[in-house]
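Quick notes on the structure that follows.
Numbering (the numbering used here), first residue to last: 4 to 102.
Okay, here's the thing in structure tokens:
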């Protein structure tokens with residue numbers, strides 16, 4: 004993984020803590036069908052916050068033996084996060100319309 008300034012690494016750590024805390028606090032949403040989509044988006048964001056951590060990227064690089072595999076994983080997870088938020092926004096938009 005590319006080296007990042009200490010401030011960026013600290014921000015990534017705070018992001019990890021906040022997103023995983025919210026995900027855990029929102030577990031009861033799984034039992035409410037209307038709230039479940041929010042939880043799915045939070046799962047995608049939580050996994051993304053995990054993959055952007057430098058030690059995880061280094062582990063991916065070592066495990067695969069490919070120097071930039073961690074960067075590829077970060078890019079793929081970022082696309083997944085974007086798609087999850089987009090899907091949720093579309094779902095919210097269409098929820099207001101009767102069929």
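Ideal placement from N, C-alpha and C gives every residue a C-beta, glycine not left out.
Problem - DSSP-derived helix/strand/coil call for residue 30 - result: Taking the chain shown and counting its residues from 1, one reaches residue 30 at position 27. Residue 30: helix per DSSP, three-state reduction.
Problem - Close-in-space but distant-in-sequence residues of the same chain around residue 12 (CB under 7 Å, 5 per side omitted) - result: Within the chain shown, residue 12 is the residue found at index 9, counting from 1. Within the same chain, residue 12 has close Cβ partners 57.
Handout entry: Own chain partners of residue 68 with C-beta closer than 7 Å, once the 5 adjacent residues on each side are dropped
Key = As a position in the chain shown, residue 68 is number 65, starting the count at 1. The answer is none, since no qualifying residue turns up.
Practice task
Given a cut-off of 8 Å, decide if residue 15 and residue 55 are closer than it, judged by their beta-carbon atoms.
Solution key: Reading the chain shown from its first residue, position 52 is the one you call residue 55. Reading the chain shown from its first residue, position 12 is the one you call residue 15. Taking 8 Å as the Cβ cut-off, residue 55 and residue 15 qualify as a contacting pair.
Handout entry: Three or more C-beta pairs below 8 Å linking the stretch 77-91 and the stretch 43-50
Key = Segments in contact, yes.
Exercise for the section: Give every residue of the same chain whose Cβ lies closer than 6 Å to the Cβ of residue 49, excluding the five residues on either side of it in the sequence, and list them in chain order. Expected result: What you label residue 49 is simply residue 46 of the chain shown in a count that begins at 1. Only residues of its own chain outside the window of five on either side were considered, and among them 22, 23, 26 have a CB closer than 6 Å to the CB of residue 49, listed in chain order.
Practice task
Give me the Cα-Cα distance between residue 7 and residue 83, rounded to the nearest whole angstrom.
Solution key: Within the chain shown, residue 7 is the residue found at index 4, counting from 1. Within the chain shown, residue 83 is the residue found at index 80, counting from 1. Approximately 22 Å between the Cα atoms of the pair.
Problem - Proximity of residue 72 and residue 63 at Cβ, strictly below 8 Å - result: The residue you call residue 72 lines up with position 69 of the chain shown. The residue you call residue 63 lines up with position 60 of the chain shown. Residue 63 sits close to residue 72, with the two beta carbons spaced by under 8 Å.
Practice task
Give the secondary structure of residue 13 by DSSP, where H, G and I count as helix, E and B as strand, and everything else as coil.
Solution key: Mapped onto the chain shown, residue 13 falls at position 10. Note: residue 13 maps to helix in three-state DSSP.
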